[in-house]
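Presented below is the structure to which this report refers.
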Amino acid sequence: MRINNMTPSRFFLFFLLALCITPRVSAQWQAYSPAFTDMVGAFDLRVAEQNDQVAWCVAMKYQVSPTAYTWVPSERLFFSRTSDGGETWQGGTIPMGVEPYSSNICPINRDTAWATGLDIDFLNYALRTTDGGQTWERKMLTEYVDGASYINFLHFWDDLHGVAMGDPVPSDSDPVPFFEIYTTDDGGETWERVPSADIPLPVNNEFGSSGFYEVRGDYVWFGTIDAVTFNGKRMFRSKDRGKHWEVLEGATNGFNLFSFADTLHGLGAKRLNNPDVSLIYTEDGGDTWVTLPIYESPYPANSYVLVPQSNYILTTRRVNNLTGPFQTMLSKDLGETWIELGETENAGKVVFRSPTLGYAGEIQPVDHATRMYKYDGDPLLGLLSGRALELDVNITPNPVVEQFRMHFEAETPSAYRLFLHDANGRLLARQDLAPCSSCQAAFDVRAFPAGAYTLTISNEKGHITRPLVKIR
1226 MRINNMTPSR
1236 FFLFFLLALC
1246 ITPRVSAQWQ
1256 AYSPAFTDMV
1266 GAFDLRVAEQ
1276 NDQVAWCVAM
1286 KYQVSPTAYT
1296 WVPSERLFFS
1306 RTSDGGETWQ
1316 GGTIPMGVEP
1326 YSSNICPINR
1336 DTAWATGLDI
1346 DFLNYALRTT
1356 DGGQTWERKM
1366 LTEYVDGASY
1376 INFLHFWDDL
1386 HGVAMGDPVP
1396 SDSDPVPFFE
1406 IYTTDDGGET
1416 WERVPSADIP
1426 LPVNNEFGSS
1436 GFYEVRGDYV
1446 WFGTIDAVTF
1456 NGKRMFRSKD
1466 RGKHWEVLEG
1476 ATNGFNLFSF
1486 ADTLHGLGAK
1496 RLNNPDVSLI
1506 YTEDGGDTWV
1516 TLPIYESPYP
1526 ANSYVLVPQS
1536 NYILTTRRVN
1546 NLTGPFQTML
1556 SKDLGETWIE
1566 LGETENAGKV
1576 VFRSPTLGYA
1586 GEIQPVDHAT
1596 RMYKYDGDPL
1606 LGLLSGRALE
1616 LDVNITPNPV
1626 VEQFRMHFEA
1636 ETPSAYRLFL
1646 HDANGRLLAR
1656 QDLAPCSSCQ
1666 AAFDVRAFPA
1676 GAYTLTISNE
1686 KGHITRPLVK
1696 IR
């Protein structure tokens, strides 16, 4: 069966899921263009387990409208890679049969990476490069040969140890279909299928989803979808690099995005009546989940990321796929309140390895070759880290009618960024201060209505928020 004749198509869903999982925020993200040689959409972006300075991204072609992205078959996949922490990017293509569709990409180091997917005739591919993407060698020739099994992801922790996950099919010894999962301890030369006794059996209409997985330490999580409704179905977890699996019962009921900051803290998201989103949160790796407040937004979200260390929620959203604006929102209290950080570039795939290290890939643009981004958040590093600044901030007058001034003394000079938000988190004004130890700024608020406001001050070490009241 040909991919572009599937009705409905799992492949279109895979891209939508990737969009729901985040972007340049003025000075926070530094754009590198062109990182690709064409206008393509970043699909999967991963950082090497052993080296945070190495990241690879795989991209595909899409038809872009103001409200939708539709996958367009092309002869090759596209990739971009960095080996210097995002300072420079190099791109190329990945040969994967006729009209290939990507599952994921997994970097091991600057030269070695794996790419998975399938072509228009449902032939699965697991390719490895050892020369930075100049050439690719096909591996796993005896795995994923059943037409019902689709390789959803492949991940390596180092040169030797990896896991690959596919849809349910029987084995020679077990006629009942179960998820086709393999592990390797010799760099992918040989693979051993995980027996059905170590994987919960699939339920009705349950399949994996392209690139729908997370890895933190030895933990691996992957989500499944309903082949009829395309809603998220269940979540599986392994604590031992894929050798044994369990179902996390609390992460069901249609959640189709998960972001883990570490082995314990994770976020799940499910789109409700678009664009509102239901969120859940775990502090024990997924054993139990609590329901967070509904994220009510006037615009659809591109992504949700749980930032490591602080466990803040970062999301980007778009007004229009073609022209934007594209906004970044941050919640410091697990969804109780949100603040706007500013407009962003049109990026929909973001990875944070720490509050100070992030990469992003651009959703397919319409007027330039696709960019990659490096997080360049100074003086916003402290805002994402969750650390508190110890400053004696003086705001006068407060309450204010027309204008107020802010002043504080710091022990050492530092650059700062100031945000003025209303009670709903809408960004009203922003100022950057050059490195200073006796710091001051002024804001004109005459155009704003009476009410409660907040002033946030951030530098590379942390941030502090102070209340403000406007009268009349």
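Using this note's numbering, the letters of the sequence shown map in sequence onto residues 1226 to 1697. A virtual CB, placed ideally from N, CA and C, is assigned to each residue, including glycine.
Helix, strand or coil: which one does DSSP assign to residue i?
| i | result |
| --- | --- |
| SER1421 | helix |
| TRP1339 | strand |
| ALA1526 | strand |
| SER1327 | strand |
| VAL1532 | coil |
| HIS1490 | coil |
| ALA1675 | coil |
| TRP1446 | strand |
| ASP1512 | coil |
| PHE1347 | coil |
| ILE1723 | Outside the displayed range of the chain (1226 to 1697) lies residue 1723, so it cannot be described from this structure. |
| ASP1451 | strand |
| ASP1669 | strand |
| GLY1467 | coil |
| LEU1482 | strand |
| GLU1431 | strand |
| ASN1229 | Residue placement at ASN1229 cannot be trusted, given a pLDDT of 34 that sits under 50; what the coordinates show is reported in the next sentence. Note: ASN1229 maps to helix in three-state DSSP. |
| LYS1686 | coil |
| THR1409 | strand |
| VAL1543 | The sequence shown places Arg at residue 1543, rather than the Val named in the question. Reduced to three states, the DSSP call for ARG1543 is strand. |
| GLY1358 | coil |
| ARG1697 | coil |
| GLY1457 | strand |
I need the straight-line Cα distance from residue i to residue j, nearest angstrom please.
| i | j | result |
| --- | --- | --- |
| PHE1644 | LEU1680 | 6 Å |
| CYS1331 | ASP1346 | 24 Å |
| ASP1509 | THR1690 | 30 Å |
| GLN1275 | ILE1333 | 7 Å |
| SER1610 | ASP1397 | 50 Å |
| GLU1439 | ASN1329 | 12 Å |
| TRP1361 | PRO1320 | 8 Å |
| GLY1586 | PHE1551 | 14 Å |
| VAL1544 | TYR1294 | 14 Å |
| LEU1517 | LYS1364 | 43 Å |
| ALA1340 | LYS1574 | 17 Å |
| ILE1696 | PRO1523 | 28 Å |
| ALA1338 | TRP1314 | 15 Å |
| TYR1375 | THR1553 | 34 Å |
| THR1548 | ASP1465 | 45 Å |
| THR1292 | PRO1622 | 45 Å |
| ASP1451 | ARG1271 | 26 Å |
| GLN1278 | PHE1629 | 43 Å |
| GLY1687 | LEU1608 | 6 Å |
| PHE1437 | ASP1410 | 23 Å |
| VAL1625 | ILE1682 | 19 Å |
Are residue i and residue j closer than 8 Å when you measure CB to CB?
| i | j | result |
| --- | --- | --- |
| PHE1404 | PRO1420 | no |
| PRO1325 | ASP1356 | no |
| ARG1353 | GLY1413 | yes |
| VAL1472 | HIS1380 | no |
| SER1305 | LYS1286 | no |
| ALA1260 | GLY1317 | no |
| ASP1210 | PHE1633 | Nothing about residue 1210 can be read from this structure; the chain reaches only from 1226 to 1697. |
| GLY1442 | THR1408 | no |
| SER1579 | GLN1534 | yes |
| ASP1392 | ALA1422 | no |
| PRO1660 | PRO1638 | yes |
| ILE1424 | TRP1470 | yes |
| LEU1531 | HIS1490 | yes |
| VAL1576 | GLY1583 | yes |
| ALA1267 | ALA1284 | yes |
Looking only at DSSP bridge pairs, what is residue i linked to?
| i | result |
| --- | --- |
| ARG1363 | LEU1352 |
| PHE1577 | GLY1583 |
| ARG1691 | LEU1680 |
| GLY1567 | THR1553 |
| TYR1520 | VAL1502 |
| VAL1440 | VAL1445 |
| PRO1332 | ALA1338 |
| LYS1495 | SER1503 |
| GLY1475 | None, per the DSSP bridge assignment. |
Any heavy atom of the ligand MN closer than 7 Å to the beta-carbon of residue i?
| i | result |
| --- | --- |
| LEU1566 | Absent from the structure shown: the ligand MN. Ligands present: none. |
Jot down the residue ranges of each uninterrupted beta strand (DSSP E) in the region 1244-1325, minimum 3 residues, whole runs only, in chain order. Counting only runs of 3 or more, we get 1254-1257, 1266-1272, 1280-1285, 1287-1289, 1294-1296, 1302-1307 and 1315-1319.
Ignoring anything shorter than 4 residues, give me the alpha helix (DSSP H) runs that lie fully in the region 1582-1667, in order along the chain. If one requires a minimum length of 4 residues, the alpha helix (DSSP H) runs lying completely within the region 1582-1667 are 1606-1610, in chain order.
What beta strand (DSSP E) runs, 3 residues minimum, are completely inside the region 1372-1407? Entirely contained in the region 1372-1407, the beta strand (DSSP E) runs reaching 3 residues are, in chain order, 1376-1381 and 1387-1394.
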